[in-house]
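Down below is the structure, laid out as structure tokens.
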Amino acid sequence: MVQAPQRDETSVNKFEKFKAEKDGLAIKDELEHFARIGWEAMDKTDLEHRLKWVGVFYRPVTPGKFMMRLRVPNGILTGEQMRVLAEVVQRYGEDGNADITTRQNLQLRGIRLEDIPEIFRRLHAVDMTSVQSGMDNVRNITGSPMAGLDADELIDTRELVRKVQDMITNYGSGNPEFTNLPRKFNIAIEGGRDNSVHAEINDIAFVPAYKEGELGFNVVVGGFFSAKRCEAAIPMDVWVRPNEEVVELCRSILEVYRDNGPRSNRQKARLMWLIDEWGIEKLRSTVERQLGRPLATAAEKDAIDWEKRDHIGIYPQKQEGLNYVGLSIPVGRLFAPDMFDLARIAEVYGSGELRLTVEQNIIIPNVANENLEVLLTEPLLQKFSPNPNLLERTLVSCTGAQFCNFALIETKNRAVELIHELEAELHIPRGVRIHWTGCPNSCGQPQVADIGLMGTKTRKDGKTVEGVDLYMGGKVGKDAHLGTCVRKGIPCEDLKSVLTTILVEQFGATPKA
């Protein structure tokens with residue numbers, strides 16, 4: 001096994017110090033106690049940090065109302081699971097809702113600390129977990145939303161994603177082997193031709209590739225966004241078969257990163273910083289030693305040769321007579337009545353399954369031909385349309401200042417309102433992907449968008465106001481690359497005119513009469 005280097009403890013940051021004092025996963029055994037004493041009586045570090053190891057997030061902007069981040073491997077839920085989550089958020093009235101994230105995941109809002117033990121019992125009963133979903137852990141593992149449905153897919157990612165999650169989390173019960181990474185970590189497994197998971201922004205991503213006629217994965221590593229730096233993943237020069245080799249490689253890379261990754265400066269602690277220090281060749285050789293065997297070199301090219309699909313609309317599956325229906329969920333926000341309706345619709349018209357996408361939308365698979373016409377009359381599909389306007393169709397947003405203390409501006413509500421105004425005034429000839437993020441942490445991924453908007457504070461008329469930095473040029477699908485910041489400090493109140501000009505001059509929009 002690769003040995004962790006001796007570290008200069010004087011350079012260790014405060015996060016490493018409190019992690020050394022008590023593993024974050026130890027909080028699992030204290031939840032009943034916390035529920036009894038209340039959040040105001042908790043140790044500050046337990047409250048603000050260690051709870052994140054079980055997916056529970058204290059939010060200073062909504063004190064006493066917590067966020068819970070789930071794990072939804074490959075973005076797949078059952079109707080029963082969605083119904084249980086609806087019952088959880090329904091309890092909190094106007095404070096309760098759920099957001100679909102850009103990692104095919106769900107975050108529940110309004111949660112009360114005294115209810116968490118019972119919520120966890122309910123999640124366990126329907127095979128769900130929130131363990132290791134925050135702080136220095138591997139986040140939700142993404143996979144192709146069309147896995148098992150698409151006639152043109154190359155590899156069904158569902159089982160692989162689940163196996164990697166089970167390895168990392170010990171089947172959802174928590175795994176101390178991987179609860180003390182230097183920083184958060186993202187893994188994606190792509191099975192189609194269109195790079196549906198945005199492989200380029202993950203610490204590890206598996207991309208379909210043929211090597212000597214055999215189908216497997218090329219591996220790219222090091223992609224990430226942060227407040228200080230954003231980088232696309234780079235080739236590791238590794239090819240693996242679509243079986244246990246994927247799980248073994250994930251384990252070995254995580255072990256090498258855990259034992260050797262930089263820990264003194266949290267702004268320089270993601271995997272790419274270790275690659276900067278070592279070089280990709282040393283990372284590869286060290287992973288081989290950890291794995292105990294040589295790795296195959298990468299295929300000459302990958303099989304990503306399609307433009308990115310958004311899966312909104314009605315499409316035939318490879319199973320004859322069945323279809324999937326993709327619904328646009330504006331900025332990914334769901335309330336309890338929506339969630340109950342989605343569970344019911346999935347069970348009545350489909351197979352009881354729901355799928356989340358990294359664009360914050362929902363797919364209902366396995367809808368029989370004869371059920372389509374009636375499904376389209378459901379009132380919920382007026383709100384969550386399979387045929388939305390083009391700007392709404394591609395809109396993505398982070399949580400924003402309404403619920404997140406890191407956000408510098410409100411995003412979701414503002415994004416929806418502004419898009420509706422633009423659509424009322426302009427003819428939009430094609431989709432334009434507009435992404436909002438409330439702060440430089442880039443949860444809304446503005447760097448992958450046609451137009452990315454990053455929250456900031458700026459000055460106007462001598463006053464500090466909410467504003468955005470403007471990113472442009474992000475490309476997804478084949479030949480994916482990150483966009484760049486082209487203008488800083490646009491006041492939000494001026495944003496409509498700025499976007500109107502961009503849409504007209506660069507995307508062919510025309511004013512309505």
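The sequence shown begins at 1 in the UniProt record's numbering and counts up by one. Note that the Cβ used here is the ideal one computed from N, Cα and C, for glycine as well.
Worksheet item: Rounded to whole angstroms, how far is the Cβ of residue 113 from the Cβ of residue 98, which I believe are closer than 8 Å?
Response: Looking up residue 113 in the sequence shown gives position 113. Looking up residue 98 in the sequence shown gives position 98. Rounded to the nearest angstrom, the Cβ distance from residue 113 to residue 98 is 18 Å, too far for a contact under 8 Å.
Practice prompt. Could you check the C-alpha separation between residue 359 and residue 119 for me, to the nearest Å?
Written response: In the sequence shown, the residue the question calls residue 359 occupies position 359. In the sequence shown, the residue the question calls residue 119 occupies position 119. Using only the alpha carbons, I get a separation of about 27 Å.
Worksheet item: By how many angstroms is the C-alpha of residue 481 removed from the C-alpha of residue 124?
Response: Position 124 of the sequence shown, counted from the start, is the residue given in the question as residue 124. Position 481 of the sequence shown, counted from the start, is the residue given in the question as residue 481. Cα to Cα, the separation comes out at about 39 Å.
Discussion item. I need the boundaries of the alpha helix (DSSP H) containing residue 92, first residue and last residue.
Written reply: For this step, residue 92 is matched to residue 92 along the sequence shown. No alpha helix (DSSP H) holds residue 92; DSSP gives it neither H nor E.
Discussion item. For residue 19, count the other beta carbons within 10 Å of its own beta carbon; 16 or more makes it buried, fewer makes it exposed. Which is it?
Written reply: Position 19 of the sequence shown, counting from 1, holds the residue named residue 19. A residue is called buried when at least 16 other Cβ atoms come within 10 angstroms of its Cβ; residue 19 meets this threshold and is buried.
Practice prompt. Scan the UniProt domain "Nitrite/sulphite reductase 4Fe-4S" (135–294) and note each continuous beta strand (DSSP E) run of 3 residues or more that stays entirely inside, going in chain order.
Written response: Taking 3 residues as the shortest admissible run, the UniProt domain "Nitrite/sulphite reductase 4Fe-4S" (135–294) contains the following complete beta strand (DSSP E) segments, listed from N- to C-terminal end: 187–189, 204–211, 214–221, 234–240.
Worksheet item: Per DSSP, what kind of secondary structure is residue 512 in: helix, strand or coil?
Response: By 1-based counting over the sequence shown, the position of residue 512 is 512. Of the three classes helix, strand and coil, the one that applies to residue 512 here is coil, per DSSP.
Discussion item. Between which residues of its own chain and residue 38 is the CB-CB distance below 8 Å, once the five residues before and five after are set aside?
Written reply: Within the sequence shown, residue 38 is the residue found at index 38, counting from 1. Excluding residues within five positions, the ones whose Cβ falls inside 8 Å are 113, 114.
Worksheet item: What residues match up with residue 106 in a beta bridge as DSSP calls it?
Response: Walking along the sequence shown from the start, residue 106 turns up at place 106. When beta bridges are read from the DSSP output, residue 106 appears opposite 100.
Item to complete: Could you spell out where the beta strand (DSSP E) holding residue 469 opens and where it closes?
Response: Walking along the sequence shown from the start, residue 469 turns up at place 469. Looking at the DSSP string, the run of the beta strand (DSSP E) that includes residue 469 is 463–472.
Worksheet item: Comparing alpha-carbon positions, which option in 223, 235, 227 lies nearest residue 217?
Response: The count along the sequence shown starts at 1 and reaches residue 217 at position 217. Of the candidates 223, 235, 227, the one whose C-alpha sits nearest the C-alpha of residue 217 is 235.
Item to complete: Give a yes or no on whether the C-beta atoms belonging to residue 219 and residue 142 are separated by under 7 Å.
Response: For this step, residue 219 is matched to residue 219 along the sequence shown. For this step, residue 142 is matched to residue 142 along the sequence shown. No, these two residues do not count as a Cβ contact at 7 Å.
Worksheet entry | Nonlocal neighbours in the same chain, by C-beta distance under 7 Å from residue 393, ignoring five residues either side | Here residue 393 corresponds to residue number 393 of the sequence shown, with the count starting at 1. Cβ-Cβ distances below 7 Å link residue 393 to 310, 312, 328, 431 in the same chain, with the five nearest sequence neighbours on each side left out; the list follows chain order.
Worksheet item: What is the rounded straight-line gap between the Cα of residue 90 and the Cα of residue 339?
Response: Within the sequence shown, residue 90 is the residue found at index 90, counting from 1. Within the sequence shown, residue 339 is the residue found at index 339, counting from 1. Rounded to whole angstroms, residue 90 to residue 339 spans 10 Å at the Cα level.
Worksheet item: So, using beta-carbon positions, are residue 79 and residue 407 closer together than 7 Å?
Response: Translated into the one-based positions of the sequence shown, residue 79 becomes position 79. Translated into the one-based positions of the sequence shown, residue 407 becomes position 407. No, these two residues do not count as a Cβ contact at 7 Å.
Item to complete: Over the uninterrupted beta strand (DSSP E) stretch that includes residue 68, give me the two end residues.
Response: Here residue 68 refers to the residue found at position 68 of the sequence shown. Unbroken beta strand (DSSP E) run through residue 68: 66–69.
Worksheet item: Measuring CA to CA, which of 148, 192, 131, 147 is closest to residue 169?
Response: Here residue 169 is taken as the residue at index 169 of the sequence shown, counted from 1. Cα-wise, what sits closest to residue 169 is 131.
Fill in: Classification of residue 49 by the beta-carbon crowding that lies within 10 angstroms, buried from 16 upward
Position 49 of the sequence shown, counted from the start, is the residue given in the question as residue 49. Taking every protein chain shown into account, the CB of residue 49 has 16 or more other CB atoms within 10 angstroms, so this residue is buried.
Fill in: Three-way DSSP call (helix, strand, coil) for residue 451 in this model
As a working note, residue 451 is residue 451 in the sequence shown. Residue 451: strand per DSSP, three-state reduction.
Worksheet entry | Delimiting residues of the alpha helix (DSSP H) encompassing residue 35 | On the sequence shown, position 35 is the one that residue 35 refers to. First-last of the alpha helix (DSSP H) with residue 35: 31–37.
Worksheet item: From 95, 81, 253, pick the residue whose C-alpha is nearest to that of residue 285; which is it?
Response: Locating residue 285 in the sequence shown gives position 285, counting from the first residue. The candidate whose alpha carbon is nearest that of residue 285 is 253.
Item to complete: Determine the burial state of residue 263: buried for a count of at least 16 other Cβ atoms within 10 Å of its Cβ, exposed for fewer.
Response: By one-based count along the sequence shown, residue 263 stands at place 263. Here residue 263 is buried, its C-beta having at least 16 other C-beta atoms within 10 Å.
Worksheet entry | At least three beta-carbon pairs within less than 8 Å, the stretch 185–205 to the stretch 298–307 | With three or more CB-CB distances shorter than 8 Å, the stretch 185–205 counts as touching the stretch 298–307.
Worksheet item: Which runs of the beta strand (DSSP E) spanning at least 3 residues fall entirely within the stretch 376–439, listed in chain order?
Response: Within the stretch 376–439, the complete beta strand (DSSP E) runs of at least 3 residues fall at 434–437.
Item to complete: Note down, in chain order, each residue of its chain lying with its Cβ closer than 6 Å to the Cβ of residue 466, except the 5 sequence neighbours on either side.
Response: Position 466 of the sequence shown, counting from 1, holds the residue named residue 466. Apart from the 5 residues on each side of it in sequence, residue 466 sits with its Cβ closer than 6 Å to the Cβ of 409, 492 in its chain, given in chain order.
Worksheet item: For the beta strand (DSSP E) that contains residue 314, what are its first and last residues?
Response: Locating residue 314 in the sequence shown gives position 314, counting from the first residue. Its beta strand (DSSP E) spans residues 313–316.
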